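Asker: Pasting a structure below so you can have a look.
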Amino acid sequence: MDSFSKFTQSVSSNWTPFADKVGRSLTQYKQLASEKLTSTATVTPLPPDYLSLEQRFLAIHQAHQSLGKLAQKTYLPPHTAYDMQRLQKQFSTLTTKISQQGSTSHAQAEASLEAAENTTYEHLLGRAALDVSEDVGLEEPLGAGLFKFASIEEKVGDARVVLGRAVDRGFVQPLDDMGKGGVALAMSARKQVAAARLELDAAKSAMLAATKNVDEARQQVEAAEDRFVTAIEEATRLMEALVASPETLRHLAELVSAQLAFHKECAALLGDLAPELDEILTTQEALYRAK
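The opening position of the sequence shown corresponds to residue 253 in our numbering, with each subsequent residue numbered one higher.
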């Protein structure tokens with residue numbers, strides 16, 4: 253009998269908060285429906301400062317999403333096998349097999365990972381040029397030029413791999429982490445504000461319609477007002493944390509730094525290649541005219 257009594261008490265204690273939550277949700281849905289279907293429903297306005305902050309927050313949130321996706325598409329496209337999470341998973345699986353079998357070195361595992369990455373357009377273009385140079389013959393001006401071009405394109409491809417890693421590490425992943433952290437909390441807090449506002453307006457409507465127990469209805473309005481104010485304060489705190497944070501600008505600077513390093517290296521590599529190709533071209537033109 254005691255066990256049954258404890259069980260019923262446990263069910264009762266667990267049911268109460270669940271029932272309260274369901275009751276609040278139904279109240280919110282009824283209020284929302286009333287606002288949608290009638291033009292006379294009570295609607296408590298949100299503070300202007302809150303609305304202004306919310307617009308700034310949403311603009312930054314949109315910037316995170318659009319810039320992060322665009323950077324990922326630009327610098328970590330699927331055809332380049334830059335999918336770092338998949339590569340890291342493959343690398344982890346490979347190293348696990350290595351440790352179990354003891355037949356392959358760690359360096360070989362890293363080489364396998366790098367080989368998976370080295371499929372940029374520059375790598376592919378360089379390898380195609382190398383194949384053609386061998387068919388043409390390295391003793392021919394065109395073959396020699398293609399060979400030099402292939403070796404430089406391979407290095408440019410390596411630089412692009414480094415760029416992709418840097419962009420992923422310094423820009424894409426940090427923005428994604430912010431989205432899953434502070435931004436997600438702020439978005440959830442905004443939903444709480446909307447829910448608290450619906451509860452408050454539902455309580456106000458109930459008080460206006462009350463013919464008895466008016467004091468109880470007034471107390472419910474006051475409690476709903478307190479929850480509404482608390483929800484606004486929490487959402488404001490979380491949104492201000494993102495709006496005032498220098499982290500987005502810091503990650504943008506990381507992106508620019510990675511781009512600058514890449515373009516500097518490409519300029520140096522291609523700057524060395526261009527005069528060599530010009531020299532080969534001049535030689536071939538002279539031979540062509542001499543015929």
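The beta-carbon is built from N, C-alpha and C at its ideal position, and this holds for glycine as well.
Everything numeric in this text was worked out from a predicted model, so none of it was measured.
So, with DSSP's three-state summary, where would you put alanine 462?
Answerer: Here alanine 462 sits in coil by DSSP.
Asker: Where does lysine 443 fall in DSSP's three states?
Answerer: Reduced to three states, the DSSP call for lysine 443 is helix.
Asker: Is the separation between the beta-carbon of leucine 382 and that of alanine 441 shorter than 9 Å?
Answerer: Result no, Cβ atoms of leucine 382 and alanine 441 do not sit closer than 9 Å.
Asker: Cα separation between glutamate 287 and valine 295?
Answerer: Caution applies to glutamate 287, whose pLDDT of 48 falls short of 50 and renders its modelled position unreliable; the value that the coordinates give is listed next. Rounded to the nearest angstrom, the two C-alpha atoms are 8 Å apart.
Asker: Let's test the definition: count the other Cβ atoms within 10 Å of the Cβ of alanine 438 and tell me whether it reaches 16, buried, or not, exposed.
Answerer: Its Cβ being crowded by 16 or more others within 10 Å, alanine 438 is buried.
Asker: Along the chain, where does the alpha helix (DSSP H) containing phenylalanine 423 start, and where does it finish?
Answerer: Per DSSP, phenylalanine 423 belongs to no alpha helix (DSSP H) and is neither H nor E.
Asker: Could you tell me the alpha carbon to alpha carbon distance between alanine 447 and glutamine 314, rounded to whole angstroms?
Answerer: Each residue's alpha carbon lies about 23 Å from the other.
Asker: Within a Cβ cutoff of 8 Å, which residues of the same chain sit near leucine 415, ignoring the five residues on either side of it in sequence?
Answerer: The answer, listed in chain order, is Tyr327, Ala510, Gln511, Ala513 and Phe514.
Asker: For glutamate 517, which of helix, strand or coil comes out of DSSP?
Answerer: Here glutamate 517 sits in helix by DSSP.
Asker: Compare the beta carbon distance of alanine 396 and serine 403 with 9 Å and say whether it is the shorter of the two.
Answerer: It is not a contact, given that the beta carbons lie outside the stated cut-off.
Asker: Using 10 angstroms around the beta-carbon of glutamate 499, count the other beta-carbons present and answer buried if the total reaches 16, otherwise exposed.
Answerer: Exposed: under 16 other Cβ atoms inside 10 Å.
Asker: Label arginine 502 either buried or exposed according to how many other C-beta atoms from any shown protein chain fall within 10 Å of its C-beta, with 16 as the threshold for buried.
Answerer: Burial call: exposed.
Asker: Using the three-state DSSP reduction, which class does serine 497 fall into: helix, strand or coil?
Answerer: Here serine 497 sits in coil by DSSP.
Asker: Counting Cβ pairs closer than 8 Å, one from the stretch 415–430 and one from the stretch 314–324, do we hit at least three?
Answerer: Taking 8 Å as the limit for Cβ pairs, the verdict is that the stretch 314–324 does touch the stretch 415–430.
Asker: State the Cα-Cα distance for the pair threonine 534 and glutamine 324, rounded to the nearest angstrom.
Answerer: Looking at the two C-alpha atoms, the distance is approximately 42 Å.
Asker: Under 8 Å: do the stretch 304–311 and the stretch 455–463 share three or more Cβ pairs, one atom per stretch?
Answerer: No: fewer than three Cβ pairs fall under 8 Å.
Asker: Measuring only the C-alpha atoms, how far is alanine 454 from threonine 488?
Answerer: Rounded to the nearest angstrom, the two C-alpha atoms are 23 Å apart.
Asker: Isoleucine 484 to glycine 431, Cα distance in whole Å?
Answerer: Answer to the nearest angstrom: the Cα atoms are 20 Å apart.
Asker: If you count every other CB in all the chains shown that lies within 10 Å of the CB of arginine 242, and 16 or more means buried, which is it?
Answerer: The first residue shown for the chain is 253 and the last is 543, placing residue 242 beyond what the model contains.
Asker: So, is aspartate 410 buried or exposed, given that buried needs 16 or more other C-beta atoms within 10 angstroms?
Answerer: So aspartate 410 ends up on the buried side.
Asker: Cα-Cα, which of Glu406, Ala462, Gly389 and Val413 is closest to leucine 521?
Answerer: The option with the nearest alpha carbon to leucine 521 is Glu406.
Asker: Counting along the chain, where does the alpha helix (DSSP H) carrying leucine 298 start and finish?
Answerer: Unbroken run through leucine 298: none, as it is neither H nor E.
Asker: Using DSSP with H/G/I as helix, E/B as strand and the rest coil, what is glutamate 386?
Answerer: Helix.
Asker: If you run the structure through DSSP and keep just helix, strand and coil, what is leucine 328?
Answerer: Three-state result, leucine 328: coil.
Asker: Here's the rule I'm using: 16 or more other beta-carbon atoms within 10 Å means buried, otherwise exposed. How should arginine 541 be labelled?
Answerer: Exposed, because fewer than 16 other Cβ atoms sit within 10 Å of the Cβ of arginine 541.
Asker: Is DSSP giving glutamate 306 helix, strand or coil here?
Answerer: The answer is helix: DSSP assigns glutamate 306 an H, G or I state.
Asker: Given this structure, state the Cα-to-Cα distance separating alanine 380 from valine 388, to the nearest angstrom.
Answerer: Cα to Cα, the separation comes out at about 12 Å.
Asker: Give the DSSP-derived three-state secondary structure of lysine 432 in the structure shown.
Answerer: If DSSP states are grouped into helix, strand and coil, lysine 432 belongs with the helices.
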